[in-house]
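Peer 1: Chains as they are written, first to last, in my numbering: chain A, 4 to 277; chain B, 16 to 344; chain C, 242 to 551. For each residue, glycine too, the CB sits at the ideal point set by N, CA and C.
1) Compare the C-alpha of residue 195 (chain A) against each of A:177, A:48, A:240 and name the closest.
2) Buried or exposed, going by whether 16 or more other CB atoms sit within 10 Å of the CB of residue 142 (chain A)?
3) Which parts of the stretch 420–444 of chain C are runs of the alpha helix (DSSP H), unbroken and 4 residues or longer, counting only runs that do not cross its ends?
4) In the DSSP assignment, find the alpha helix (DSSP H) that holds residue 339 (chain C) and state where it starts and stops.
5) Here's a check: name, in chain order, each residue in its chain whose Cβ is nearer than 7 Å to the Cβ of residue 58 (chain B), leaving out the five neighbours to either side.
6) Roughly how many whole angstroms lie between the Cα atoms of residue 126 (chain B) and residue 214 (chain B)?
7) Got a sec: is the Cβ-Cβ distance from residue 130 (chain A) to anything in chain C below 9 Å?
8) Starting from residue 26 (chain A), trace the beta strand (DSSP E) in both directions and tell me its first and last residue.
9) For residue 75 (chain A), I'd like the list of residues in its chain whose CB is within less than 8 Å of its CB, leaving aside the five on either flank, ordered along the chain.
10) Pick helix, strand or coil for residue 311 (chain C), following the three-state DSSP scheme.
11) Okay, do the stretch 416–426 of chain C and the stretch 372–386 of chain C touch, 3+ Cβ pairs below 8 Å being the bar?
12) What span of residues does the beta strand (DSSP E) with residue 378 (chain C) cover, start to end?
13) Taking a cut of 8 Å between CB atoms, which residues from the stretch 53–83 of chain A lie near chain B?
14) Between residue 419 (chain C) and the rest of its own chain, which residues show a CB-CB distance below 6 Å, the 5 nearest in sequence each way excluded?
15) In this structure, how does DSSP classify residue 132 (chain B) when only helix, strand and coil are distinguished?
16) Can you give me the Cβ contacts of residue 428 (chain C) inside the same chain, cut-off strictly under 6 Å, excluding the 5 residues immediately before and after it?
17) For the stretch 368–384 of chain C, list every residue whose C-beta sits within 9 Å of some C-beta in chain B, in sequence order.
18) Can residue 257 (chain B) and residue 122 (chain B) be called in contact, C-beta distance under 9 Å?
19) Is residue 155 (chain A) buried or exposed, if buried means 16 or more other CB atoms sit within 10 Å of its CB?
20) Per DSSP, residue 257 (chain C) forms a beta bridge with which residues?
21) Please classify residue 5 (chain A) as buried or exposed, where buried requires at least 16 neighbouring CB atoms within 10 angstroms.
22) Exposed or buried, residue 63 (chain A), counting other C-beta atoms within 10 Å across all chains shown (16 or more means buried)?
23) Cβ of residue 361 (chain C) less than 9 Å from any chain B Cβ?
24) Just checking: is the beta-carbon of residue 262 (chain C) within a distance shorter than 9 Å of some beta-carbon in chain A?
25) May I ask you to report which of helix, strand or coil DSSP gives residue 249 (chain A)?
26) Helix, strand or coil: how does DSSP classify residue 54 (chain A) here?
27) Give me the Cα-Cα distance between residue 342 (chain C) and residue 498 (chain C), rounded to the nearest whole angstrom.
28) Can you check whether the C-beta of residue 96 (chain A) is within less than 9 Å of a C-beta belonging to chain C?
29) Is there a Cβ from chain A that is less than 9 Å from the Cβ of residue 335 (chain B)?
30) Which stretch, first to last residue, makes up the alpha helix (DSSP H) that contains residue 69 (chain B)?
31) Is the distance from the Cβ of residue 108 (chain A) to the Cβ of residue 190 (chain A) below 9 Å?
32) Helix, strand or coil, according to DSSP, for residue 117 (chain A) in the structure here?
33) Helix, strand or coil, according to DSSP, for residue 110 (chain A) in the structure here?
34) Step through the CB atoms of chain C and report whether any lies within less than 9 Å of the CB of residue 133 (chain A).
35) Kindly list, in the order they appear in chain C, the residues whose Cβ is closer than 8 Å to that of residue 307 (chain B).
36) With a CB to CB cut of under 6 Å and the five nearest residues on each side skipped, what residues in its chain are close to residue 104 (chain A)?
Below you can see the structure in the form of structure tokens.
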């Protein structure tokens, strides 16, 4: 294999902690003792799109799900290291998990609107969960988030209709709107377009470039071209010999795709494996 | 025990097509196999027609002359009549509905606990325990109710219930304490139909897709909010199916109710008094009946059959619909 | 389309809204989490409460049933206690023989026919098949007393056979058939189509494929279903109550009246003799033990088959 084992932990250009939406320091996730991903250290910059790329099994989704503590649901899962949201450790700091999740939202691989709710109810479901009942707030949040997801014009006349009536791409944008309604600082996206057709995919990619002014986006994608198109920074992960994923390189997308430090990164971006 | 089969029953309905075989061959190359199978089907068809027909035929005298007595009369006078079935009808409804309330409240909590609190490796054991509970013959529940619970009710529970402020109105008060009563029958019935309800509701709740659970948690919902606002509504139709099936089973329970309800044919709204149900009355009166009384008991059987079939069909329709809803998600 | 800045404005939440969202959600958080904890706790409590009757029942069965069971329990005929001999209850051999007889005759009637119909349902698309499927599912949930009424009307009365083992067996067979039909159909459908196709591709006639390839593969599901059906039949009181008459001798003849375990419990539970009431617990224990063994074997058998298939 290669002699250079560069595991960069600082983004280039370097930034001060105030400009980081989230900081990861030696984060590792293990299930019942078996390590799935380890040594993830990087800073996610505010209002930029950071993508986690790498071949399947490299631990990208596992790492993503640690960022909103979804692994709390899995018995035997252990997350070590530090994940800092605006300086607070999300696991050991003074932050309840429900509050964390209002600040770090998530969009999933398959569109999953709540089947028994209408479009409107889906969008405001997060607000309702958090105790917000005032109609004026709910209405305003619904409109702004549906607009942000480029869905408003399509659904404004049928807000009370069941969410299952929308197409796949529209449903995914509904899920994005639902996550945005909570006004999160960070939006986690787990391969959000892999279940969609190319046109729907393109629309969501366009969306992400406008969305990043509102939220910081961290996206997992197995589609290299997508990462090259939409992300500002890239974290490349690879499964090691012990079957645990590790961070190989973190840098701006431009550097990762044109002039990476690590030869494995180069191999991946050139399509030599994956 | 039909709980074990229930899930599979719905799967069957969704599978649709028959399997490739003998019945695909043209008429000319049919073999004995074909005819044997058809013969079997015809025999079973005859048995099922006979099942409904015989009971109905035997009850015809009652339907022809005494329908209104059966449905509205409150006195059952052996051996010549009149045979009024109102007490049994009312008793069936009272005991079944109260049993249903008990079973649904405790059963829903139990199912939620099984799906969301028990670690995966224990779920098999719990499922087995629920099945075993359902397999206990109803006579044993009846025996336990009669010899253990009834004395306890008479000595402890009933006096306590009678001391409540509105005891008079709800429970009745003749100064007498009865161990065997409609209330005890309702409780025993509730215990008996609980496994039925839990088996189905547990399955319906556990197939709500995990990513709906994760999506709602990711929005900042508490665990209870996820259950109450996302899981239960999504499983709603199937839960209704479970309710109807549990109700169907409650209405059909015979010997347990016969042993613990007190066996008194009075139209009774006071729960601490003895009463009876349709099935229990048939079981206890049949032995010594003749002629017209048998016809009247058969007529009660027809009522029971109609009620049970209606509830069963509704339940299966609901569970089927639930499957289709989830297939769309 | 819209001016880009307008779009931007319309899709940016106002700061008033953002503040209100933060404030309300923070304020209600503690309460919501407490409610969540309490409700989850109540669900756990419900689970515990569900377990109580099972535990209590088994405890009483063991406590009161074990002392009553000894060798004579199984081998002697029942006797009636008298004032001089209040504990002379005898045994329950008649009921044990009766239950065995009934189960045997019922199985002979129900299993072959049930399997036949189950196979038919899996292979045929006809309206008859669809109707029979609905019928058997409905009958599977029907109150067992109806089977008793049917058997009484038909066998005891119309055919003038009188109270007898065969009448009781008939009632139990009608009870067992739907269960066997349903589980047979499931078992046969569960056989992978590839097996069937392989047989047909080799040129075998369809019915030979069914008999030689499919049925043997489905046999464990069929056996499981039959065991479940038998386990149910053994414990049912209502169907036999109206049909068997309750004999006091050990008899295997189909036309003779017989007794059965559940029937004996029903008759003696209200007895004025404490010794008979005590004996009834022994019968109940035997019955429950028998039913548990059958149910568990069915489950283990089914699980073994699953493992083999995987």
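Peer 2: According to the structure data:
1) A:177
2) exposed
3) 434–442
4) 334–364
5) none
6) 8 Å
7) yes
8) 23–34
9) 100
10) coil
11) yes
12) Run containing residue 378 (chain C): none in the beta strand (DSSP E); it sits in the alpha helix (DSSP H), 368–381.
13) 71, 73, 76, 78
14) 377, 380, 381
15) coil
16) 459, 462, 463
17) 369, 370, 372, 373, 374, 375, 376, 377, 378, 379, 380, 381, 382, 383, 384
18) yes
19) buried
20) Residue 257 (chain C) is not bridged to any residue.
21) Any answer about residue 5 (chain A) is weak, because its pLDDT of 40 lies below 50 and its placement is not dependable; what the coordinates show is given next. So residue 5 (chain A) counts as exposed.
22) buried
23) yes
24) yes
25) strand
26) strand
27) 11 Å
28) no
29) no
30) 47–73
31) yes
32) coil
33) strand
34) yes
35) The contacting residues do not exist; residue 307 (chain B) stays about 14 Å from chain C at best.
36) 71
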